[in-house]
Structure formats: C-alpha cells, structure tokens
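Visitor:
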Amino acid sequence: MMSTSFLPNAEDLNVVIPSQANSQTVPLREPLKHLLIGSSKAVISTIRYLQVIGYADVGDWSQLLPTGNTGEFMSILSRNIVVQ
C-alpha cells in the first residue's frame with residue numbers, strides 16, 4: 297500500500313501561482329447568478345425592490361420564464377462581483 301503525502305516538497309515552496317501574485321494588486325471578479333422563483337407578482341415585485349435599493353436594474357434580469365409548475369415563474373440575474 298502506497299502512502300501519499302499532501303505536504304509540499306521543498307522545491308514546490310518557491311512556485312508562484314499567477315492568480316496569487318495578482319490578487320494583491322487586482323481584485324478578483326467572479327460570476328454570481330441570482331435566481332428568483334415564485335408567482336409572477338412576487339418575482340416582479342422583488343426585481344423592482346432590488347432596483348429601488350440600488351442593487352440591480354430591472355433590465356438586468358431575464359424575462360419571466362415558466363418553471364413548469366402552475367403559476368410559478370423564474371427570472372435570472374448574472375453579475376460579476378469582486379471577491380476579496
């Protein structure tokens with residue numbers, strides 16, 4: 297039976313990973329998807345509220361899409377956020 301060590305070797309300690317080197321100077325952006333599911337009234341109301349508080353414009357959301365359940369719809373918002 298072979299044992300595997302997950303500790304770094306001495307020669308691996310000097311390796312610079314590009315994303316780590318740049319993370320101090322350039323903030324990393326990561327995609328984030330929001331999904332609202334509910335009645336059309338609830339979804340539209342929430343989208344409007346998120347615009348009122350300045351989170352996302354109404355036009356940033358997808359059109360209402362039926363989920364397959366009676367009276368239930370969804371809307372999707374995709375954004376890139378800064379990850380710290």
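Our numbering puts the first residue of the sequence shown at 297, with every later residue one more than the last.
Where a beta carbon is used, it is the ideal one built from N, C-alpha and C, also for glycine.
I'd like to check one pair, residue 332 with residue 377: are the Cβ atoms closer than 8 angstroms?
Guide: Stepping through the sequence shown from its first residue, residue 377 is reached at position 81. Stepping through the sequence shown from its first residue, residue 332 is reached at position 36. Cβ atoms of residue 377 and residue 332: not closer than 8 angstroms.
Visitor: Kindly provide the ranges of any beta strand (DSSP E) runs that are 3 or more residues long and lie completely inside the segment 314-359, ordered along the chain.
Guide: Runs found: 324-334.
Visitor: Using the C-alpha atoms, what's the distance from residue 373 back to residue 362?
Guide: For this step, residue 362 is matched to residue 66 along the sequence shown. For this step, residue 373 is matched to residue 77 along the sequence shown. The straight-line gap from Cα to Cα measures roughly 16 angstroms.
Visitor: Assign residue 298 to one of three DSSP states: helix, strand, or coil.
Guide: Position 2 of the sequence shown, counting from 1, holds the residue named residue 298. Summary for residue 298: the model assigns pLDDT 48, below 50, so the residue's position carries little reliability; its value from the coordinates is reported in the next sentence. Coil, per DSSP.
Visitor: Are residue 360 and residue 352 touching if we call contact CB-CB under 8 angstroms?
Guide: Along the sequence shown, read from residue 1 onward, the residue named residue 360 stands at position 64. Along the sequence shown, read from residue 1 onward, the residue named residue 352 stands at position 56. No. Outside cutoff.
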